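Student:
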Amino acid sequence: MTEQLLPWAIVFLLLNLAAGLWRAWRGPTAGDRLLTTLLFGTTSVALLLLMAEWMALPGIRHVALMLVLLATIISLAFFGMPEAGNRARESDDG
Amino acid sequence: MVDLIALLLLLSGCFFIFAGTVGMLRLPDVFCRLHAMTKADNLGLLLICMALAVMDGRLRTTLLLLLIWLLALLASTVSAHLIARHARGQSQ
Amino acid sequence: MNVGLLIDLLLGLILVGLAVQVVLGRQLFRSIVFYVAFGLAMALVWARLGAVDLALADAALGAGLTGALMLAAFRRLIKLDPAQAVTSGSAHTALALLIAVLAAGMVATIGLTAMALESQPGAAGVAVFEALPATGLGNPVTGVLLAWRGFDTLVEMVVLLTAFLGARVVADEGWAPRSTVASFDLPLLRTLVAAIVPLASLIALYLLWIGSDQPGGAFQAGSVLAAAGVLLLLTGQLLPAPTSSAWLRLGLVLGVAGIGLLVLLPMLSGRPPLAWLGRGALLLAESMMMVSIGCTLTLMFAGAPGLKDGTR
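In structure tokens:
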């Protein structure tokens with residue numbers, strides 16, 4: 012019976028994704044927008060794992076593995092970015 | 061019986077992810093939102109992974125799902141820390 | 002209401018909404034974040050369509066690498082010209098939307114027509130599946146890429162090398178991107194790098210190995226290696242260097258050499274080029290391609306001809 016519920020769980024998580032986009036749109040700080048990528052990352056992993064089970068394609072689990080392996084890259088690339096008008100973080104290094 | 065366990069795990073997993081999203085939308089501060097996001101979402105992901113492991117039944121899948129969840133934990137931890145440090149730096 | 006249809010509709014709406022925001026959004030940083038989300042949504046769409054090889058490549062490249070590239074470019078841009086962070090409303094919004102609608106209509110027409118056609122017995126797709134067991138491969142994508150359309154793959158590797166050389170030619174020699182995190186000695190980051198980089202290398206080799214029979218292969222493995230390289234660059238473990246070592250140069254051309262040998266070697270024994278050499282030769286060529294793709298993409302992200310150790 013749970014198999015039939017899988018696609019509905021996928022629908023539910025997709026709605027969560029769409030709702031989370033509002034925070035990316037609204038802000039107000041850059042950190043809030045990065046939060047959305049975090050949400051997208053974790054929810055996408057859940058979605059991919061559900062799809063792997065529902066569509067019986069075990070290869071999709073490897074996609075989830077890769078996604079979660081590389082999820083920190085975005086936050087790392089963002090770190091230290093000066094918000095427009097604030098002092099740059101780069102002035103901290105000695 | 062196994063089906064019932066999987067169902068419960070799946071439903072509670074979806075509930076926690078929903079709770080994380082609600083927290084992200086409604087809480088007042090970026091730090092509070094980080095709390096909601098990382099804790100609730102990772103717990104929801106764990107419950108969903110458990111549900112899928114129960115449904116699939118093989119050891120190989122269970123280990124792969126466990127690895128995925130552990131990496132998600134690591135990624136969320138570091139990302140949340142970086143975002144929080146940046147946000148604190150900006151608010152000073 | 003079919004659940005699959007509902008899922009497809011939601012995915013399509015999310016994709017289109019994200020795309021509209023990326024192109025027409027007023028704030029540059031917000032558009033970049035939406036672009037990263039778009040990359041993730043694309044990976045979901047590929048998975049939903051069952052194109053797992055594409056999803057694997059897209060997850061690494063589209064979501065991780067290009068997002069990091071855009072953020073690095075954004076950081077430099079607002080340092081040079083802070084006014085660029087907010088763009089005024091485009092005067093061409095109406096035109097852009099019109100073109101988008103027309104393009105979508107064209108794609109929809111072509112797609113629906115193609116789906117309505119019956120697959121002919123002599124069609125390429127059917128022929129691939131018929132010829133696949135003879136090669137001993139289980140993954141039709143690998144078969145097409147390396148066994149039957151190897152010339153295309155050779156040209157792709159040459160294109161990658163040419164793109165790298167072109168990037169070197171137009172690069173601004175006076176500026177090298179610095180890692181901003183290197184100055185912050187966060188113990189978390191050392192743990193992260195220590196955990197992720199070896200695991201990524203292992204997963205890359207794993208994807209390379211299973212690519213013969215399951216979704217995977219040289220491009221997917223190479224993109225994982227490139228993402229690991231970008232991780233090292235972002236955390237300051239690797240730094241851009243003004244000159245490249247011989248090993249790096251070897252790594253850059255290895256891919257072209259590998260697939261070139263695979264294509265041309267059969268001619269030595271009198272067979273036509275691209276005749277089937279066996280799974281072992283395929284795997285060797287793929288590993289050479291994987292190294293090349295990883296090196297090229299990492300160096301292109303670094304924006305420098307070489308890399309040096311950053312831990313000292």
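Chains as they are written, first to last, in the numbering used here: chain A, 12 to 105; chain B, 61 to 152; chain C, 2 to 313.
Cβ coordinates follow ideal geometry from the N, Cα and C atoms, glycine included.
Computed from a prediction, not measured in an experiment: that's the story for all the values here.
Please identify, using Cβ separations under 9 Å, the residues of the segment 184 to 211 of chain C that lie next to chain B, in order along the chain.
Tutor: Those would be 185, 187, 189, 190, 192, 193, 196, 197, 200, in chain order.
Student: Here's the rule: buried if 16 or more other CB atoms are within 10 angstroms of the residue's CB, otherwise exposed. What is residue 71 (chain C)?
Tutor: The residue in question, residue 71 (chain C), is buried, as its Cβ has 16 or more Cβ neighbours within 10 Å.
Student: DSSP beta-bridge partners for residue 221 (chain C)?
Tutor: Answer by DSSP bridge pairing: none, since residue 221 (chain C) is not bridged.
Student: Pairs of beta-carbons, one from the segment 128 to 138 of chain B and one from the segment 66 to 77 of chain A, closer than 8 Å: are there three or more?
Tutor: The answer is yes - the segment 66 to 77 of chain A touches the segment 128 to 138 of chain B, with three or more Cβ pairs under 8 Å.
Student: Beta-carbon of residue 70 (chain A) versus every beta-carbon of chain B: anything under 8 Å?
Tutor: By this cut-off, residue 70 (chain A) is not an interface position.
Student: Does the segment 30 to 43 of chain C come close enough to the segment 42 to 50 of chain A to have 3 or more Cβ pairs within less than 8 Å?
Tutor: Taking 8 Å as the limit for Cβ pairs, the verdict is that the segment 42 to 50 of chain A does touch the segment 30 to 43 of chain C.
Student: Could you compute how far the alpha carbon of residue 101 (chain A) sits from the alpha carbon of residue 19 (chain A)?
Tutor: Because the pLDDT of residue 101 (chain A) is 36, which lies under 50, any placement of that residue in the model is unreliable, and the question is left without a value.
Student: For chain A, is any of its Cβ atoms less than 8 Å away from the one on residue 238 (chain C)?
Tutor: False, the Cβ-Cβ gap to chain A never drops below 8 Å.
Student: Cα separation between residue 84 (chain C) and residue 146 (chain C)?
Tutor: The alpha-carbon atoms of residue 84 (chain C) and residue 146 (chain C) are separated by roughly 45 Å.
Student: What are the residues of the segment 32 to 45 of chain A that lie near chain C, defined by any Cβ-Cβ distance shorter than 8 Å?
Tutor: Residues 32, 35, 36, 38, 41, 44, 45.
Student: Mind listing which residues of the segment 85 to 99 of chain B have their C-beta closer than 7 Å to chain C's C-betas, in chain order?
Tutor: From the segment 85 to 99 of chain B, no residue has a Cβ closer than 7 Å to chain C.
Student: Can you tell me which of the three DSSP states residue 249 (chain C) falls into?
Tutor: Correct three-state label for residue 249 (chain C): helix.
Student: Does the segment 127 to 145 of chain C come close enough to the segment 196 to 207 of chain C that 3 or more CB-CB pairs lie under 8 Å?
Tutor: No: fewer than three Cβ pairs fall under 8 Å.
Student: By how many angstroms is the C-alpha of residue 100 (chain B) removed from the C-alpha of residue 52 (chain C)?
Tutor: Using only the alpha carbons, I get a separation of about 31 Å.
Student: Considering just the uninterrupted stretch of the beta strand (DSSP E) at residue 214 (chain C), what are its terminal residues?
Tutor: It is not in any beta strand (DSSP E) - residue 214 (chain C) carries neither H nor E in the DSSP assignment.
Student: Counting only the same chain and skipping the five closest in sequence on each side, list residues whose C-beta sits under 6 Å from that of residue 139 (chain C).
Tutor: Closer than 6 Å at Cβ, skipping near neighbours: 214.
Student: Between the segment 21 to 35 of chain A and the segment 71 to 85 of chain B, can you find at least three pairs of beta-carbon atoms closer than 8 Å?
Tutor: At 8 Å Cβ cutoff, the stretches touch.
Student: Should residue 14 (chain A) go down as buried or exposed, given a rule of 16 or more other Cβ atoms within 10 Å for buried?
Tutor: Its Cβ having fewer than 16 others within 10 Å, residue 14 (chain A) is exposed.
Student: Within its chain, find whatever has a CB closer than 6 Å to the CB of residue 233 (chain C); leave out the 5 residues flanking it on each side and keep chain order.
Tutor: Answer for residue 233 (chain C): 239, listed in chain order.
Student: Can you name, in chain order, every residue of its own chain whose Cβ lies under 6 Å from the Cβ of residue 107 (chain B), other than the five neighbours on each side?
Tutor: Closer than 6 Å at the Cβ level, and outside the excluded window around residue 107 (chain B), lie 69, 72, 73.
Student: Return the CA-CA distance between residue 149 (chain B) and residue 108 (chain C), expressed in angstroms with no decimal places.
Tutor: Answer to the nearest angstrom: the Cα atoms are 47 Å apart.
Student: Just how far apart, CA to CA, sit residue 88 (chain B) and residue 26 (chain C)?
Tutor: When rounded, the distance between both Cα atoms is 25 Å.
Student: Along the alpha helix (DSSP H) that carries residue 134 (chain C), what are the first and last residues, could you check?
Tutor: Taken as a continuous stretch (DSSP letters only), the alpha helix (DSSP H) holding residue 134 (chain C) covers 125 to 136.
Student: Compute the Euclidean distance between the alpha carbons of residue 65 (chain B) and residue 12 (chain A), then round it to the nearest angstrom.
Tutor: Each residue's alpha carbon lies about 11 Å from the other.
Student: Which of the residues in the segment 146 to 176 of chain C, read from start to end, lie with their CB under 8 Å from any CB of chain A?
Tutor: Result list empty, no residue passes.
Student: Counting C-beta neighbours from all protein chains within 10 Å, is the total for residue 272 (chain C) 16 or more, i.e. buried, or is it exposed?
Tutor: The residue in question, residue 272 (chain C), is exposed, as its Cβ has fewer than 16 Cβ neighbours within 10 Å.
Student: Quick one, which of C:208, C:257, C:209, C:168 has its alpha-carbon nearest residue 305 (chain C)'s?
Tutor: When each option's Cα is compared against that of residue 305 (chain C), the closest is C:168.
Student: Assign residue 183 (chain C) to one of three DSSP states: helix, strand, or coil.
Tutor: Because residue 183 (chain C) sits at a pLDDT of 49, beneath the cut-off of 50, its placement in the model cannot be relied upon, and the following sentence gives the value as read from the coordinates. Correct three-state label for residue 183 (chain C): coil.
Student: Just the C-alpha distance for residue 1 (chain C) and residue 246 (chain C), rounded to the nearest angstrom, thanks.
Tutor: The structure shown does not extend to residue 1 (chain C), since chain C is modelled only from 2 through 313, so no value can be given for it.
Student: Please tell me whether residue 73 (chain C) and residue 40 (chain C) are closer than 8 Å, where the distance is taken between their beta carbons.
Tutor: Cβ atoms of residue 73 (chain C) and residue 40 (chain C): not closer than 8 Å.
Student: Going by the CB atoms, is the gap between residue 87 (chain A) and residue 236 (chain C) shorter than 8 Å?
Tutor: Yes.
Student: If we call anything under 8 Å between Cβ atoms a contact, is residue 307 (chain C) one with residue 258 (chain C)?
Tutor: Contact: no.
Student: Anyone know if the C-beta pair for residue 261 (chain C) and residue 161 (chain C) falls short of 8 Å?
Tutor: For residue 261 (chain C) and residue 161 (chain C), no; Cβs fall outside 8 Å.
Student: Less than 8 Å between CB atoms is the rule here; does residue 125 (chain B) satisfy it with respect to chain A?
Tutor: Chain A contact via Cβ: present.
Student: Drop a sphere of 10 angstroms on the beta-carbon of residue 224 (chain C), count the other beta-carbons inside from all chains shown, and report buried for 16 or more, exposed for fewer.
Tutor: Result: buried.
Student: If you reduce the DSSP assignment to three classes, tell me which class residue 89 (chain B) lands in.
Tutor: DSSP places residue 89 (chain B) in coil when its eight states are reduced to three.
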